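> Before I ask anything, here is the structure I am working with.
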Amino acid sequence: MRTSRSHGFTLVEMLVTLAIFAVLLMIAIPSMRPFLQSQSVKNASMDLVSTVALARSEAIKRNTTVDVKATSAADWSLGWVISQGTNVIRKQGSLGNIAITPSSGSFSFDGNGRMTSTGATFAIAPVNKTGSQPLCLSVTVGATGRTESTKVSCP
């Protein structure tokens, strides 16, 4: 008589493996938090830089003034809008757990691709800072539309 051998894992083996995985996950998650916050700050700065580039190129392409304004008064972390008059070109959604402090409420590019003001600066920081040295960035937009992102100390 032949006996067949079963292949696979037993329930006990599977539960032990899942328990080990859960313990390792609980150890790793707290150390990932500062990394995730840093990535959120970097993403917010890249969103601002791409907004400036798009607004400038649209102003040149349309040969008219293109405005960039915060969606809600001067709270840029709730999002912003690129528009030409009443025509909305692009909307940026809310950025969770990020604080964006602007030097001015809005800025514009004219048909030549130059800012109508002298420039703008944005301070980007995580809302609930974790870690010994959280990442905070300053995005500066020059009068010509050139952007520069620099690391700054968090407030």
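For the sequence shown, the working numbering begins at 734 and goes up steadily by one. Yeah, the Cβ is synthetic: ideal placement off N, Cα and C, and Gly gets one too. Quick caveat, the model's predicted, so the values are computed rather than measured.
Note down, in chain order, each residue of its chain lying with its Cβ closer than 7 Å to the Cβ of Ala853, except the 5 sequence neighbours on either side.
For the purposes of this step, residue 853 is taken as the residue at position 120 of the sequence shown. Here the set comprises Pro835, Ser836, Ser837, Phe840, Val874.
> Name the two residues that bound the continuous alpha helix (DSSP H) containing Ser780.
Counting from 1 along the sequence shown, the entry for residue 780 is found at position 47. With the sequence shown as reference, residue 780 is identified as Asp, and Ser is not the correct amino acid for it. Note, Asp780: alpha helix (DSSP H), 744-795.
> On a CA-only basis, which of Ala792, Val756, Val745 is nearest Asn845? Give me that one, please.
Translated into positions along the sequence shown, residue 845 becomes position 112. Answer by Cα proximity: Ala792.
> With distances taken Cα to Cα, identify the nearest neighbour of Ala876 among Ile822, Thr750, Leu769, Asp843.
For the purposes of this step, residue 876 is taken as the residue at position 143 of the sequence shown. Looking at the Cα atoms, Asp843 is the closest of the given residues.
> Quick check: what's the CA-CA separation for Met759 versus Ser827?
Here the question's residue 759 lines up with position 26 in the sequence shown. Here the question's residue 827 lines up with position 94 in the sequence shown. Their Cα atoms are separated by approximately 29 Å.
> Is the beta carbon of Ser783 closer than 7 Å to that of Asp800?
Stepping through the sequence shown from its first residue, residue 800 is reached at position 67. Stepping through the sequence shown from its first residue, residue 783 is reached at position 50. No.
> Do the CB positions of Gly878 and Arg789 come within less than 7 Å of each other?
As a first step, residue 878 is located in the sequence shown; it is residue number 145 there, counting from the start. As a first step, residue 789 is located in the sequence shown; it is residue number 56 there, counting from the start. Yes, they are a contact pair.
> Whole angstroms are fine: how far does the CA of Arg847 sit from the CA of Ile796?
Within the sequence shown, residue 796 is the residue found at index 63, counting from 1. Within the sequence shown, residue 847 is the residue found at index 114, counting from 1. The question names Ile, yet the displayed sequence has Asn at residue 796. Spanning the two alpha carbons is a distance of roughly 11 Å.
> Looking at C-alpha atoms only, which residue of Val785, Ala807, Leu748 is the closest neighbour of Glu881?
Numbered from 1 along the sequence shown, position 148 holds the residue referred to as residue 881. Of Val785, Ala807, Leu748, the residue nearest in Cα terms is Val785.
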